[in-house]
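Undergrad: In our numbering, the protein residues as written are 13 to 352. Got a structure for you, written out below as structure tokens; questions coming shortly.
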Ligand code: ADP
Ligand code: MG
């Protein structure tokens, strides 16, 4: 098994790796590979059988512009982003919102409703409180969230209308980190499709979309990483996206308890449960990204039954002694392959 594409190196991420065969490529056209830094991680694009006359330098430029747009609009790590402006404002009046941010917020609010509040884009004040916001000051638990923070999340009441957005609480703030990377990936895929590229694998920080026959002519494979490193299992993608969320990716330990960057907004504290990793395969990377986080917050019982009831393709790894035990939905099994 060869895995020449390493995972995100700047920030840690749960995710998948592209598995490349050692065999030479099946077609005569030379594959094209692009890569670069983005959003504290890296993006990679691998194209097989690219259309004749594809202007690679221009394509790279367009892809990087798309990625920069997400960062410029939705980053909570930049104080000059559109989202940081919305968060800093204490106004509860309508504020202008760009189309890309609105698109991501709309899906985030949909997943919030559908997940019964397990996923919540207005969790930002809690993320900050537990030490996982843009300013990292906290490496030991600060104690329960104060009522003011609970209120700002519970009464956030984010509303969206064409071109504008508003909050129902002066201190409400949005965090789109669990979903924006997925949307950026979908946007890159749209660029490729528009340029006539239909055989590709795109990865951003451990999230992958792949389509087409791939290097060997029999499909693209992605290895879902194990929390302890290495590949846990391999899936074959035909236009779908795989995204992973893990409570081991970013956390601190205190008195034997794990404090993770994934917050249960219903409880007002980091998730604390037996579930360590969730991977979701969906038609879009934005959905896969959001639902991987949502199912992780739901926890093992609620998450597994929700995924089964909604025919979602999901993999769950629960802690079991010193290792992990796997649970999957039938829809997930349709993507699993034995990699040789
Ligand atoms: P990663 O981006 O680390 O690969 P996720 O997609 O699961 O993993 O996103 C985690 C990030 O989402 C956290 O760092 C935090 O900013 C934000 N977040 C934490 N809890 C929630 C939640 N319940 N709903 C929505 N976003 C959350
Ligand atoms: Mg996510």
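Note that CB positions come from ideal geometry on N, CA and C, so glycine has one too.
For residue 301, is the beta carbon positioned less than 7 Å from some heavy atom of the ligand MG?
TA: Yes, since a heavy atom of the ligand MG falls inside the 7 Å radius drawn around the Cβ of residue 301.
Undergrad: Run through the DSSP bridge pairs and tell me what residue 265 is partnered with.
TA: Looking at the DSSP assignment, residue 265 forms a beta bridge with 270.
Undergrad: If you run the structure through DSSP and keep just helix, strand and coil, what is residue 21?
TA: Any reading at residue 21 must be qualified, since the residue scores a pLDDT of 27, below 50, and its modelled position is unreliable; the value itself is stated next. If DSSP states are grouped into helix, strand and coil, residue 21 belongs with coil.
Undergrad: For the structure I just gave you, are there three or more beta carbon pairs, one from the stretch 114 to 127 and one from the stretch 253 to 269, closer than 8 Å?
TA: Not touching, per the Cβ criterion.
Undergrad: Ignore the nearest five residues each way along the sequence and tell me which others in residue 94's own chain have a CB closer than 8 Å to its CB.
TA: 84, 85, 86, 109, 110 and 113, listed in sequence order.
Undergrad: Mapping the DSSP letters down to three states, classify residue 335 as helix, strand or coil.
TA: The answer is strand: DSSP assigns residue 335 an E or B state.
Undergrad: Between the alpha carbons of residue 239 and residue 107, how many angstroms are there, rounded?
TA: Their backbone Cα atoms lie some 41 Å apart in a straight line.
Undergrad: Relative to the ligand MG, is the shortest distance from any of its heavy atoms to the C-beta of residue 191 smaller than 7 Å?
TA: The answer is yes for residue 191.
Undergrad: Is the CB-CB distance between residue 347 and residue 248 below 8 Å?
TA: Yes.
Undergrad: How should residue 174 be labelled, buried or exposed, when 16 other C-beta atoms within 10 angstroms of its C-beta is the threshold for buried?
TA: By the neighbour-count rule (16 or more Cβ atoms within 10 Å), residue 174 is not buried but exposed.
Undergrad: With DSSP as the reference, identify every bridge partner of residue 48, one or two as the case may be.
TA: Answer is 55.
Undergrad: Does the Cβ of residue 350 have 16 or more other Cβ atoms within 10 Å, making it buried, or fewer, making it exposed?
TA: Label assigned to residue 350: exposed.
Undergrad: Check each candidate in 203, 130, 151 and 104 and name the one with the smallest Cα separation from residue 183.
TA: Comparing Cα positions, the closest option is 104.
Undergrad: Would you say residue 305 touches the ligand MG, meaning its beta carbon is less than 7 Å from a heavy atom?
TA: For the ligand MG, at least one heavy atom lies less than 7 Å from the Cβ of residue 305.
Undergrad: Got a sec? Which residues, its chain only, sit under 7 Å from residue 178 by beta carbon, not counting five neighbours each side?
TA: These residues qualify, in order along the chain: 104, 105, 106, 107 and 171.
Undergrad: Starting from residue 288, follow the alpha helix (DSSP H) in both directions and report where the run begins and ends.
TA: Unbroken run through residue 288 is the beta strand (DSSP E), 287 to 294; no alpha helix (DSSP H).
Undergrad: Whole angstroms are fine: how far does the CA of residue 68 sit from the CA of residue 233?
TA: Residue 233 and residue 68: Cα-Cα distance of roughly 24 Å.
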